[in-house]
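Numbering (our numbering), first residue to last: 5 to 378.
Encoded structure:
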C-alpha cells in the first residue's frame with residue numbers, strides 16, 4: 005500500500021495509540037470528580053495542558069479542547085460574533101480557505117453579518133493593499149488559514165497581523181493552523197486565535213484545540229457549565245494522546261521537511277514529461293502538498309484506478325471532494341483546471357520505496373487512461 009493522502013488524515017502513531025489506551029485503562033475517572041481517582045485524572049490532564057502550552061508558548065488557560073478543527077473554527081468565529089458582534093458587523097476572510105470557514109461565514113451572512121473576501125496575488129498570498137481596504141472600524145474579525153489545504157500556500161501571518169493592527173487595533177485575527185502545525189513553524193504571537201486538529205498530526209481522531217488569547221472574548225456555543233467555554237466531561241485519553249502527538253510533531257521539524265521536499269521534487273520531476281498535467285503550486289507552497297490538474301482525465305476516474313493498485317491520493321480537500329477547487333480557481337481563473345485536481349500529500353513517514361512505487365503505478369495508469377482519450 006502507498007498512502008499519499010496525509011493532508012486528509014494521518015495514521016495514529018503507535019506511541020500515541022499506546023498513550024490513548026493506557027489513559028483509557030488507568031485514568032478512567034472524571035477529572036472533575038472530587039475523589040482521589042478524579043484528582044489523579046485531573047493531575048494528568050493539567051500535565052497534558054501544561055505540555056501543550058509550553059510547546060506552543062502560550063498560557064495554560066488559553067487552551068480550549070474541542071472535537072477537531074471544524075469545531076474550533078465554529079467556536080472562534082461564531083463565538084466571537086455572538087460576543088462582540090451585531091447585525092452589520094464586518095468579517096474578512098480569504099478566497100483560499102477550507103470549506104468549514106466558508107460555511108461558517110455563510111451562516112453568519114444569513115444572520116446579518118457582512119462578509120468580505122480579500123483578494124490574493126499571483127502567488128496565492130493575501131493582497132496586503134486589498135486587506136488594508138477591506139479592514140475598517142466595523143471589522144470585528146479577520147480569519148485566514150496559515151496553510152491552504154488544497155495547494156499548500158503558506159500565508160505570512162505576522163505581516164497580515166501588522167496590517168490588521170494598523171487599520172483596526174480592536175479587530176481579532178483568527179487562523180486555521182490545521183495544515184501548518186507539524187509541517188512548518190508556527191508562532192501564536194502572530195494571531196489572537198488558532199485552530200488545531202489531532203488527526204492531522206498522527207493523533208487520535210475526535211480531539212482538537214482552539215488557542216484563544218485571554219484578550220479575546222467569545223461566547224460559548226454549548227451550555228452546561230458557567231465556568232467553561234466548552235462544557236462536559238473532558239475526554240482525557242484524547243487530550244493526553246493529543247499532547248503526545250503534538251510533542252512528536254514538533255520534534256525535528258526541519259529534518260522532516262527536508263525529507264518531504266526531496267520526495268516532492270522527485271515526483272515533480274517525473275510529472276514534467278506530461279504536457280496535459282498542470283502543476284498547481286507557487287513559491288509559497290509547502291512541499292507536503294502537491295496539487296496537480298489532469299486536463300484530459302476525470303480526477304475521480306484516476307483516483308479509483310490508482311486505488312485498484314492500493315495507491316491512495318486525494319481530490320481537493322477531504323471535506324469537499326467532487327467540487328471545484330476554490331484555491332486553484334482563484335490562482336489560475338481556469339474552471340477546467342480547478343475541476344480536475346488531484347492532491348498528493350506527503351509525510352515524513354513516506355519512504356523512498358513508496359515514492360518509486362507510486363511513480364511506477366502513476367505512469368502506468370496515466371498512460372493507459374490518457375490513451376483512451378486519443
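For every residue, glycine included, the Cβ atom is placed at its ideal position computed from N, Cα and C.
Please report the straight-line C-alpha distance between residue i and residue j, rounded to a whole angstrom.
i: residue 226; j: residue 71; result: 13 Å
i: residue 235; j: residue 369; result: 50 Å
i: residue 213; j: residue 185; result: 12 Å
i: residue 140; j: residue 192; result: 24 Å
i: residue 276; j: residue 266; result: 16 Å
i: residue 55; j: residue 142; result: 37 Å
i: residue 122; j: residue 106; result: 13 Å
i: residue 20; j: residue 108; result: 31 Å
i: residue 196; j: residue 176; result: 6 Å
i: residue 252; j: residue 260; result: 11 Å
i: residue 9; j: residue 40; result: 44 Å
i: residue 156; j: residue 69; result: 26 Å
i: residue 206; j: residue 228; result: 31 Å
i: residue 357; j: residue 182; result: 28 Å
i: residue 238; j: residue 281; result: 48 Å
i: residue 315; j: residue 136; result: 45 Å
Enumerate in chain order the residues of its own chain whose CB-to-CB distance from residue i is below 8 Å, with the five nearest sequence positions on each side excluded.
i: residue 85; result: 93, 95, 112, 117, 144 and 145
i: residue 334; result: 99, 100, 124 and 128
i: residue 42; result: 33, 34, 35 and 36
i: residue 346; result: 295, 296, 297, 298, 303, 306, 307, 317, 318 and 319
Would you list the one or two residues that DSSP bridges to residue i?
i: residue 198; result: 179 and 215
i: residue 124; result: 130
i: residue 145; result: 95 and 176
i: residue 118; result: 94
i: residue 7; result: 316
i: residue 345; result: 297
i: residue 310; result: Answer is none; residue 310 lacks a bridge partner.
i: residue 157; result: 289
i: residue 283; result: 296
Might you give, ordered along the chain, the residues of its own chain that have their beta carbon closer than 6 Å to the beta carbon of residue i, omitting 5 neighbours on each side?
i: residue 24; result: 208, 241 and 245
i: residue 322; result: Here residue 322 scores only 47 on pLDDT, less than 50, and its place in the model is too uncertain to base an answer on.
i: residue 132; result: 167
i: residue 328; result: 342 and 343
i: residue 324; result: With a pLDDT of 48 at residue 324, under the threshold of 50, the modelled position of this residue cannot be trusted; read the value that follows with caution. Only 103 meet the Cβ criterion.
Just to confirm my understanding: we take residue i, look at its own chain, exclude 5 residues before and 5 after, and list those with CB closer than 7 Å. What are they?
i: residue 283; result: 272, 275 and 296
i: residue 309; result: 369 and 373
### Complete alpha helix (DSSP H) runs within the region 28-66 (minimum length 4 residues, chain order)
40-60
### Task
Would you be able to state if there are at least three C-beta pairs under 8 Å between the region 294-312 and the region 32-44?
no
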